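Participant: Following this message is one structure expressed as structure tokens.
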Amino acid sequence: MSDRVVVFYDYQNTYMQARRLYHERWEGWNKGQFDPVALAQHLAADSPYDRHLHQVRIYRGQPDASRQPGSYGASRRQHAQWERNPLVKLVTRPLRYPSAWPQERAQEKGIDVQLSMDFAVMATRGEFDVGILVSADTDLKPALEYVAELTASRGRPRAEVAAWSVDGQHCRRLAIRGRNLYCHWVGEDIYKTVRDDTDYTTSG
Numbered sequence: 003m004s005d006r007v008v009v010f011y012d013y014q015n016t017y018m019q020a021r022r023l024y025h026e027r028w029e030g031w032n033k034g035q036f037d038p039v040a041l042a043q044h045l046a047a048d049s050p051y052d053r054h055l056h057q058v059r060i061y062r063g064q065p066d067a068s069r070q071p072g073s074y075g076a077s078r079r080q081h082a083q084w085e086r087n088p089l090v091k092l093v094t095r096p097l098r099y100p101s102a103w104p105q106e107r108a109q110e111k112g113i114d115v116q117l118s119m120d121f122a123v124m125a126t127r128g129e130f131d132v133g134i135l136v137s138a139d140t141d142l143k144p145a146l147e148y149v150a151e152l153t154a155s156r157g158r159p160r161a162e163v164a165a166w167s168v169d170g171q172h173c174r175r176l177a178i179r180g181r182n183l184y185c186h187w188v189g190e191d192i193y194k195t196v197r198d199d200t201d202y203t204t205s206g
């Protein structure tokens, strides 16, 4: 029986990394977007072992409809596009708005905690054989360490990570001390096949 692969996206972190690596600052905010299912399919296939994509979990902050109606509408349209695929599980949490907003940007709050909890709990319950974490956020390291300990004691599940790369230069990747976590390096050639330039700010 082939191994069940679940891909966990810290979407905003992964989007910003792609934007910095493959685009100029002045380009539109749709540059850096990617199709999470298409990328997950690539990651599941990027192995010599028999694997299949079991689930795609996307973690992201949700703008407030009254404070940022445009951003809220764009995010809802993008989410609806993702959720057309039955493999997708979308997890959102409200953005936190500082008292100085809009001079200060709204921030994601609790996304890393939720992702870490789900990664660890699902591993404990045996809900995946391979969990691929796509993020460069070091706050997620404890979850990777926990699953690595499970692997050492039980033989499974297996934790892996993924990160962008370009022209032989690697983006930041997650790593943990004393463990050799496999990293799926995703080059610009793959990015070009999974990029999503859709302008979700328009309702047409």
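Per the working numbering, the very first residue in the sequence shown carries number 3; after that it's consecutive.
We treat Cβ as the ideally placed atom computed from N, Cα and C, and that holds for glycine.
Small disclaimer: the values here were computed from a predicted structure and weren't measured.
#1: Pairing CB atoms from the stretch 109 to 122 with CB atoms from the stretch 72 to 84, are three or more of them under 8 Å?
#2: Helix, strand or coil for T94 per DSSP?
#3: Can you tell me whether V1 is buried or exposed, with buried defined as 16 or more other CB within 10 angstroms of its CB?
#4: Just how far apart, CA to CA, sit A42 and Q105?
#5: In chain order, what residues of the same chain lie with their CB nearer than 7 Å to the CB of A20, ignoring the 5 residues before and after it?
#6: Report the rounded CA-to-CA distance for Y61 versus E26, giving the unit in angstroms.
#7: Which value, in whole angstroms, describes the spacing of the CA atoms of P38 and A46?
#8: Taking the straight line between their C-alpha atoms, what separation do you get for Q70 and D201?
#9: Would you call the stretch 147 to 166 and the stretch 94 to 101 in contact, with 3 or more CB pairs under 8 Å?
Facilitator: With the structure as the only source:
#1: Flag = no, the stretch 109 to 122 and the stretch 72 to 84 do not touch.
#2: In the sequence shown, residue 94 corresponds to position 92, counting from 1. It is a strand residue.
#3: Coverage of the chain is limited to positions 3 through 206, which leaves residue 1 absent and any answer about it impossible.
#4: Counting from 1 along the sequence shown, the entry for residue 42 is found at position 40. Counting from 1 along the sequence shown, the entry for residue 105 is found at position 103. Each residue's Cα considered, the two are about 36 Å apart.
#5: The residue you call residue 20 lines up with position 18 of the sequence shown. Excluding residues up to 5 positions away in sequence, G34, F36, W166 and Y193 lie with their Cβ nearer than 7 Å to the Cβ of A20 in the same chain.
#6: By one-based count along the sequence shown, residue 61 stands at place 59. By one-based count along the sequence shown, residue 26 stands at place 24. If you draw a straight line from the Cα of Y61 to the Cα of E26, it comes to about 25 Å.
#7: What you label residue 38 is simply residue 36 of the sequence shown in a count that begins at 1. What you label residue 46 is simply residue 44 of the sequence shown in a count that begins at 1. P38 and A46 have their alpha carbons spaced roughly 12 Å apart.
#8: Locating residue 70 in the sequence shown gives position 68, counting from the first residue. Locating residue 201 in the sequence shown gives position 199, counting from the first residue. Taking the straight line from one Cα to the other gives about 16 Å.
#9: These segments do not touch.
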